[in-house]
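Chemist: Here's a structure for you.
2 protein chains.
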Amino acid sequence: MVDNLINIGLLGCGTVGSGVVKIIKRNREEIERKAGSRLNIKKVLVRSLDKERPLELEGAELVTEVDKILEDPEIKIVIELIGDVERAREYMEKALRKGKFVVTANKDLMAQHGREIFKLARDMGVNVYYEASVGGGIPLIRPLKHSLAANRIMRIMGIINGTTNYILTQMTLQGRGYQEALEEAQEKGFAEQDPSSDVLGKDAAYKLAILASIAFDSTINMDSIYTEGITEVKIRDIRYAEELGYKLKLLAIGDRMEEGLALRVHPTLVPDKHPLAAVNDEFNAVFFEGDAVGEIMLYGRGAGEMPTGSAVVADVIEAVRSINHQVENGVMEVEFSQKPIMPLSRIHSKFYIRLKAIDEPGVFASLANIFSEEKVSLDMIIQKRRIEEMAEIVLVTHDIREENFFRSIERIKEIPSIREISQLLRVV
Amino acid sequence: MVDNLINIGLLGCGTVGSGVVKIIKRNREEIERKAGSRLNIKKVLVRSLDKERPLELEGAELVTEVDKILEDPEIKIVIELIGDVERAREYMEKALRKGKFVVTANKDLMAQHGREIFKLARDMGVNVYYEASVGGGIPLIRPLKHSLAANRIMRIMGIINGTTNYILTQMTLQGRGYQEALEEAQEKGFAEQDPSSDVLGKDAAYKLAILASIAFDSTINMDSIYTEGITEVKIRDIRYAEELGYKLKLLAIGDRMEEGLALRVHPTLVPDKHPLAAVNDEFNAVFFEGDAVGEIMLYGRGAGEMPTGSAVVADVIEAVRSINHQVENGVMEVEFSQKPIMPLSRIHSKFYIRLKAIDEPGVFASLANIFSEEKVSLDMIIQKRRIEEMAEIVLVTHDIREENFFRSIERIKEIPSIREISQLLRVV
């Protein structure tokens, strides 16, 4: 089934590029089975050949001239991860003109020049994939284009910048000021040394432009997005918001209205009960409201080597499938293996136990001894004195092997002063 | 672009079937543009021709013999929504043998006979689509197969039965007993008259089998899923769980482990801070943990006419694209319209305002008068006396037109005793 070989050219080998190489290496067998072809990263565009690289590139040729990739007729897919808009655009357009499929994570480029790029791709009979440009590894663009295709999307609302969400979370939970929280984010690698694109809301605006263009079927001019960052947010406002039942988040919001679209990025008070209020730290989440499906939320890590690499490699697999004109069910579901199933007795769980015992000395000690002998350790205990000399005891265990747990339960049932095991439930 | 016509046969016209007809009717233009073909529901299989139908079927022919659909060479796509496993299997296999693409929402069928069905589809060179079989309109199957294709999925964990989640939510939030909550769910249409498949966990087990077969690339035997329902859950346990910091949910869990797969459906205590703990009422949500992407959560309505119809119609669009061998970027992104953009001044928002005022009589009245004249109504107010005769006032408005709000802010700035508008933020 997997016989032909698809050669790939990688432009840029920074954080996301390293993720791509690692993921293909780690999951090569499954990825190639899903793609229906063997994959080979043939050439990698780098700035300098001399730099030490911790990454094993498995025989890929390092090049400093982009044309060695773009002019190579064996290379069918170009992954563009160089970032810079103008240079990326030039390379991408050249790749498309050479009939290559392109995968990119470049949100600035796709937000500003998506339309021309899609036109060129169509004229050349190839595709451009850009799932990684918004929300890292969270499936957003493909669900919008495919899974929600029957819907008229009425609203997009989301947390799509991890840096600002990290800063706001620190301010909210730790009581840090903006500057202090920003510095911490920079130390932890969640904010760039020049954080302006993130904290001023521009990064979120680019991503909103991309999502809105798909959801609302419209070209979006960046100037039409009202953009307000988080630099003026005060800890005082976060506290008042809490008092009123809100969390403060930087939201990107797009609405389809009678008269047109309304697009904006601004700090926003979100009701505590709204699922977006619970999206903390560097996580991202996006709500789509469709006229048929209602509200859908997609949540996950919006950035980083492996999550963004995950989206890039998924796009590469799609590109290969498209190159191969593969029938969808073909490889995916027919060549199932049958994996062994673990009996529940051998897996580990945490348990909640509620039992009734005669309230007399030594009951708890006998319970505790049995658990100890069976290597069941306890995490939480509630005991309340109740009527008729009976005590109700509630226990939560740590993670333990199910068979050990049930063996101890059988032994506990034998204790004369235990009257009833009233409930057993698992805990995650 | 949209010139050819694809004829569709609909087997069954109950809740989901009605949703499918309504969605295609309502969003026909956009759906056909995305699909790249005109769509025509040519024939509908019904039990009786005499029954009154509230639904307008737009000229579709009603038939009571399935062969009028399966033997019709003009029908390229069959939508199977009859439910019953054996009959559905027979019809679906016949449709595939006739070279028709099939879309189904039948989880029992796909969980039990998916493998044979996929094989037959491959042999015939057609596809079977079944996104609607799990999680209603929530994108689950396609993201697993496409967006997360670069990942080794390590864990699936989700709330995938709306009936039991509704019952458990009622027990938790309203303090109702199991029986009472079940009856309420039945009255509201969230539970069937015979609720056993839902409350015993079988429905969730079927759905888990489908997700696990894709995520773990394995055929799943239903017997290998440990299944425990919610009929023995007591309100008492829900209360203890709360005391310990948990919510009680019916979870379906699949783990990929060294030695094999572990698959189970059981009532589970979920830590309050876990996003699944906040999934209430009839909503569904599924976590996938991938080795590259980390944790992803997909959330939405897991059942119902329109959400499930949304997934079925999305599958129909995919089927049409596959029939047309369409290049993905082709129609989707090149034929963009340019929609008008609404100025922010004309949209409605809620606002949070923090201001400083001299603490003297009449200040609040003058604020209130301006807001009233500009039709800005207030939702919440906090006022605290502070040092140096200055009061800090925090206000939250109801939804109001942005231009009215900013006009009132300009007027408020003119009030002599208002010293500073310290902050303006929007509220969702």
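Same order as they appear, the protein sequences are chains S and V. If you read the first sequence in the working numbering, its first letter stands for residue 1, the second for the next number, and so on. If you read the second sequence in the working numbering, its first letter stands for residue 1001, the second for the next number, and so on. The C-beta atom is built at its ideal place from N, Cα and C for all residues, glycine as well.
Which residues in chain V have a C-beta closer than 7 Å to the C-beta of Gly-14 (chain S)? List them in chain order.
Modeler: Chain V residues near Gly-14 (chain S): none, gap ~17 Å exceeds 7 Å.
Chemist: Using 7 Å as the threshold, is the C-beta distance between Val-270 (chain S) and Thr-231 (chain S) below it?
Modeler: No, they are not a contact pair.
Chemist: Between the beta-carbon of Lys-34 (chain S) and the beta-carbon of Gly-9 (chain S), is there less than 7 Å?
Modeler: No, they are not a contact pair.
Chemist: Going by DSSP, name the residue or residues bridged to Gln-1186 (chain V).
Modeler: Beta-bridge pairing links Gln-1186 (chain V) to no other residue.
Chemist: So, helix, strand or coil for Asp-255 (chain S), using DSSP?
Modeler: Correct three-state label for Asp-255 (chain S): strand.
Chemist: What residue range is occupied by the uninterrupted alpha helix (DSSP H) comprising Val-316 (chain S)?
Modeler: Looking at the DSSP string, the run of the alpha helix (DSSP H) that includes Val-316 (chain S) is 305 to 324.
Chemist: Which residues, in chain order, does the stretch 141 to 170 of chain S contribute to contact with chain V at a C-beta distance below 8 Å?
Modeler: Listed by position, the residues of the stretch 141 to 170 of chain S near chain V (Cβ gap below 8 Å) are Arg-142, Pro-143, Lys-145, His-146, Ser-147, Leu-148, Ala-149, Ala-150, Asn-151, Arg-152, Met-157.
Chemist: Pick helix, strand or coil for Pro-1143 (chain V), following the three-state DSSP scheme.
Modeler: Pro-1143 (chain V) falls in the helix class under three-state DSSP.
Chemist: Would you say Lys-1207 (chain V) reaches chain B, if we count a Cβ-Cβ gap shorter than 7 Å as a contact?
Modeler: Here chain B cannot be found, since the structure's protein chains are S and V.
Chemist: Should Met-1001 (chain V) be labelled buried (16 or more other beta-carbon atoms within 10 Å of its own) or exposed?
Modeler: Caution is warranted here: a pLDDT of 45 is assigned to Met-1001 (chain V), below 50, making its placement in the model unreliable, and no coordinate value can be reported.
Chemist: Quick one: is His-146 (chain S) buried, meaning 16 or more other Cβ sit within 10 Å of its Cβ, or exposed?
Modeler: Classification for His-146 (chain S): buried.
Chemist: I want to know whether the stretch 338 to 348 of chain S touches the stretch 369 to 380 of chain S - three or more CB-CB distances under 8 Å.
Modeler: Short answer: they don't touch.
Chemist: Identify whether Arg-47 (chain S) lies in helix, strand or coil by the three-state DSSP scheme.
Modeler: The answer is coil: DSSP assigns Arg-47 (chain S) none of H, G, I, E or B.
Chemist: From the beta carbon of Ile-1323 (chain V), is the nearest beta carbon of chain S less than 7 Å away?
Modeler: Chain S, which has no Cβ nearer than 7 Å to the Cβ of Ile-1323 (chain V), makes this no.
Chemist: Using a beta-carbon distance below 7 Å, is Met-1342 (chain V) in contact with chain S?
Modeler: So, interface residue.
Chemist: Answer with yes or no whether the minimum CB distance from Leu-1269 (chain V) to chain S is below 7 Å.
Modeler: Chain S contact via Cβ: present.
Chemist: Of all the residues that make up the stretch 214 to 230 of chain S, which are near chain V by a beta-carbon distance shorter than 7 Å?
Modeler: From the stretch 214 to 230 of chain S, only Phe-216, Asp-217, Ser-218, Thr-219, Ser-224, Tyr-226 have a Cβ closer than 7 Å to chain V.
Chemist: Once DSSP output is grouped into helix, strand and coil, what is the label at Tyr-129 (chain S)?
Modeler: Strand at Tyr-129 (chain S).
Chemist: What distance in whole Å lies between the Cβ atoms of Ser-1408 (chain V) and Arg-1354 (chain V), which are believed to be in contact at a cut-off of 8 Å?
Modeler: The pair is not a contact, with the Cβ atoms about 15 Å apart (cut-off 8 Å).
Chemist: In its own chain, which residues sit with a C-beta less than 7 Å from the C-beta of Glu-1127 (chain V), not counting the 5 before and 5 after it?
Modeler: Rather than Glu, the amino acid found at residue 1127 (chain V) in this sequence is Asn. Result list for Asn-1127 (chain V): Phe-1101, Ala-1121, Ala-1319, Ser-1322, in chain order.
Chemist: Under the assumption that Leu-1263 (chain V) contacts Ile-1159 (chain V) (Cβ atoms under 8 Å), give the Cβ distance between them as a whole number of angstroms.
Modeler: Wrong, their Cβ atoms sit about 16 Å apart, outside the cutoff.
Chemist: Going along the stretch 125 to 140 of chain S in order, which residues come within less than 9 Å of chain V, judged by CB to CB distance?
Modeler: The residues in question are Gly-125, Val-126, Asn-127, Val-128, Tyr-129, Glu-131, Gly-136, Gly-137, Ile-138, Pro-139, Leu-140.
Chemist: For Pro-1307 (chain V), go through chain S and note every residue whose CB falls closer than 8 Å to its CB, in chain order.
Modeler: Within 8 Å Cβ-Cβ: Ala-292, Val-293, Gly-294.
Chemist: Within the chosen definition, does the stretch 4 to 24 of chain S reach the stretch 73 to 81 of chain S through at least 3 CB pairs nearer than 8 Å?
Modeler: Judged by Cβ distances under 8 Å, the stretch 4 to 24 of chain S makes contact with the stretch 73 to 81 of chain S, as three or more pairs qualify.
Chemist: For a contact meaning CB atoms closer than 8 Å, what does Ile-1031 (chain V) contact in chain S?
Modeler: The contacting residues are Ala-149, Ala-150.
Chemist: What does DSSP give as the partner residue(s) for Leu-1378 (chain V) in the beta ladder?
Modeler: Bridge partners of Leu-1378 (chain V): V:Thr-1397.
Chemist: For Ile-382 (chain S), go through chain V and note every residue whose CB falls closer than 8 Å to its CB, in chain order.
Modeler: Going along chain V in sequence order, the residues near Ile-382 (chain S) (Cβ under 8 Å) are Tyr-1240, Glu-1243, Leu-1244.
Chemist: Could you pull the DSSP bridge partners for Ala-1060 (chain V) from this structure?
Modeler: DSSP lists no partner for Ala-1060 (chain V).
Chemist: Does Lys-25 (chain S) come within less than 7 Å of chain V when only Cβ atoms are used?
Modeler: Output row for Lys-25 (chain S): interface = no.
Chemist: Just to confirm my understanding: we take Phe-1190 (chain V), look at its own chain, exclude 5 residues before and 5 after, and list those with CB closer than 6 Å. What are they?
Modeler: So the list reads Thr-1163, Tyr-1166, Glu-1282, once near-sequence residues are dropped.
Chemist: Whole angstroms is fine: what's the gap from Tyr-240 (chain S)'s alpha carbon to Ala-277 (chain S)'s?
Modeler: Approximately 15 Å between the Cα atoms of the pair.
Chemist: By a C-beta neighbour count over all protein chains shown, 10 Å radius and 16 as the cutoff for buried, is Asp-217 (chain S) buried or exposed?
Modeler: With 16 or more Cβ atoms within 10 Å of its Cβ, Asp-217 (chain S) is classed as buried.
Chemist: Would you say Gln-1112 (chain V) reaches chain S, if we count a Cβ-Cβ gap shorter than 7 Å as a contact?
Modeler: Not an interface residue.
Chemist: Please name the residue in S:Glu-192, S:Ala-285, S:Asp-203, S:Lys-188 whose C-alpha comes closest to that of Met-110 (chain S).
Modeler: Comparing Cα positions, the closest option is S:Asp-203.
Chemist: Mind reading off the beta-carbon distance from Arg-152 (chain S) to Asn-1027 (chain V)? Whole number of angstroms is fine, and I expect it under 8 Å.
Modeler: The Cβ separation is near 5 Å, so the contact holds.
Chemist: Can you name the start and end residues of the alpha helix (DSSP H) that Arg-1033 (chain V) belongs to?
Modeler: Segment 1028 to 1035, the alpha helix (DSSP H) holding Arg-1033 (chain V).
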